[in-house]
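A.B. asks: In my numbering, the protein residues as written are 392 to 476.
1. Excluding the 5 residues preceding and the 5 following residue 426 in the sequence, name in chain order all residues of the same chain whose CB lies nearer than 7 Å to its CB.
2. Please state the DSSP three-state secondary structure of residue 470.
3. My output table needs one value for residue 452: the three-state DSSP class, helix, strand or coil.
4. With DSSP collapsed to three states, give me the class of residue 475.
5. Return the CA-CA distance between residue 399 and residue 422, expressed in angstroms with no decimal places.
6. Span of the alpha helix (DSSP H) holding residue 395?
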């Protein structure tokens, strides 16, 4: 993997972790406007980083989150256990 690809994957994982944590917090604190603003900011940043990754390196998931080009490239990317950080 290229250094830029590893950097983007690391950023995606950190943003997803933060989004999940904020989601869990908001489940028990639904009136916390600051947490909701933080969640929305993280979700927006995550969408941008995932879009940047998929445009540069191909789809990040195969569930319709990004268009795919011909030929089908999903199977040519490293599997999660093949990535070394």
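Ideal Cβ placement from N, Cα and C applies to all residues, glycine included.
C.D. replies: A quick look at the data gives this:
1. In the chain shown, residue 426 corresponds to position 35, counting from 1. Counting only Cβ-Cβ distances below 7 Å, and skipping sequence neighbours, we find 413, 416, 417 and 420.
2. By 1-based counting over the chain shown, the position of residue 470 is 79. Three-state result, residue 470: coil.
3. As a working note, residue 452 is residue 61 in the chain shown. If DSSP states are grouped into helix, strand and coil, residue 452 belongs with coil.
4. As a first step, residue 475 is located in the chain shown; it is residue number 84 there, counting from the start. Residue state, collapsed to three classes: coil.
5. Here residue 399 is taken as the residue at index 8 of the chain shown, counted from 1. Here residue 422 is taken as the residue at index 31 of the chain shown, counted from 1. C-alpha separation (whole angstroms): 32 Å.
6. Along the chain shown, one-based indexing puts residue 395 at 4. Counting along the chain, the unbroken alpha helix (DSSP H) around residue 395 starts and ends at 394-419.
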